[in-house]
Amino acid sequence: MTTNLQLQQSVVAELRWEPSIDAADIGVIVRDGIVTLTGSVANYAQRLAAERAAQRVAGVQAVADELTVALPALHQRTDADIARAVANAVAWDVEVPDGVKAVVHDGWVTLNGRVRWYFEKAAAERCVRYLAGVRGITNELEVVPPATVNPARVKTDIEAALARNAELDAANISVAAVNGTVTLSGTVRSWAERQDATRAAWNAPGVEFVNDELVLRV
Numbered sequence: 001m002t003t004n005l006q007l008q009q010s011v012v013a014e015l016r017w018e019p020s021i022d023a024a025d026i027g028v029i030v031r032d033g034i035v036t037l038t039g040s041v042a043n044y045a046q047r048l049a050a051e052r053a054a055q056r057v058a059g060v061q062a063v064a065d066e067l068t069v070a071l072p073a074l075h076q077r078t079d080a081d082i083a084r085a086v087a088n089a090v091a092w093d094v095e096v097p098d099g100v101k102a103v104v105h106d107g108w109v110t111l112n113g114r115v116r117w118y119f120e121k122a123a124a125e126r127c128v129r130y131l132a133g134v135r136g137i138t139n140e141l142e143v144v145p146p147a148t149v150n151p152a153r154v155k156t157d158i159e160a161a162l163a164r165n166a167e168l169d170a171a172n173i174s175v176a177a178v179n180g181t182v183t184l185s186g187t188v189r190s191w192a193e194r195q196d197a198t199r200a201a202w203n204a205p206g207v208e209f210v211n212d213e214l215v216l217r218v
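Going by this note's numbering, the sequence shown opens with residue 1, and the numbers climb by one from there.
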C-alpha cells in the first residue's frame, strides 16, 4: 500500500521529470490518493501539463488543480490582443467549425457556441491553450448532434468500440445511454484508460454529454 508520503514523492519526481514544466514553484499535497497541486506556473500550458503529469502516477485517484498562472512580463498581453489571437487560431484550425465565439477577461478565455461533435469542442480548446497571455479557459461549447440516434444503438456502438480498444479492459466498464447522455461506470486501471473510455463514448453519433463515473482500481 503506497503511503501519502511515497505518493507525494512520486508526483514531485514526475513533475521534475517532465521537461515542459518548471516545477520550482509547484507544491504537492497528498491525502488518501487525492493529489492537490498548489503554487504557480508561468503559463496555462504548464498548468495542464502538471495536471497530466500528476495523473500519470500510479496510485493517484484524483487531482485537485489549485495552481495559478503567473505570467512573466514577456508573455503578458491585453485582453484585446488575446481576443484577436484566439479569433485567428480558431479560424485557422481545420477541426474547429464556424460559429465558435470567445470572450476574454483578464486573460481568461470563455468559449461558447455550438458544435456537432465533441472532437470539435476539444479542438477549439486545444488551439487556444498555448497562446501567450492566456491564464485559463472555460469551454462552454455545447455539443448538439446533427440527428437523434436510438439510445440502444448508441450503447451497442460504444460497447463495441470499447471492446476493440486493446488498451481497455472493457469487461469492467458498463455503458448506459438515455436521451443523448451516456454514463460510464465500473473500474479502470489508469487515468489513460479512463480517458480512452470517455473518448470512445464521445465518438458515438448522437452523444450530447458523457457522465464519467469510472473509478480507478487501486
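The beta carbon of each residue, even a glycine, is placed where N, CA and C say it ideally should be. Everything numeric in this text was worked out from a predicted model, so none of it was measured.
- Sequence-distant partners of V178 (beyond 5 residues in either direction) whose C-beta falls short of 8 Å from its own C-beta, in its chain, are P151.
- For R31, the enclosing beta strand (DSSP E) begins and ends at 26–31.
- Within the region 118–161, complete beta strand (DSSP E) segments of at least 3 residues are found at 136–139, given in chain order.
- Just measuring C-alpha positions, the residue of N203, G206, P205, N172 sitting nearest E213 is N172.
- In the DSSP secondary-structure assignment, T198 is not bridged to any residue.
- Following the DSSP letters along the chain, one finds A13 inside the alpha helix (DSSP H) bounded by residues 4–17.
- Separation of the CB atoms of G180 and P145 is rounded to 7 Å, and the pair is thereby assigned contact status at 8 Å.
- When only Cα atoms are considered, V12 and L67 end up about 14 Å apart.
- If you look at I34, you'll find it in the beta strand (DSSP E) that goes 34–41.
- Rounded to whole angstroms, the separation of the alpha carbons of V115 and E14 is 36 Å.
- Taking 8 Å as the cut-off, the Cβ atoms of G33 and G59 count as close.
- Taking 3 residues as the minimum length, the beta strand (DSSP E) runs contained wholly in the region 53–93 are 62–65, in order along the chain.
- Beyond the five residues adjoining it in sequence on each side, V63 comes within less than 6 Å, by CB distance, of V35, E51, A54, Q55 in the same chain, given in chain order.
- With contacts defined by Cβ atoms closer than 8 Å, E140 and T110 form a contacting pair.
- Secondary structure of E95 (DSSP, three-state): coil.
- Just so you know, the alpha carbons of T156 and D169 end up roughly 16 Å apart.
- In this structure, the alpha-carbon of W17 lies about 26 Å from that of I137.
- The three-state secondary structure of R116, taken from DSSP, is coil.
- For A171, there is no enclosing beta strand (DSSP E), as DSSP marks it with neither H nor E.
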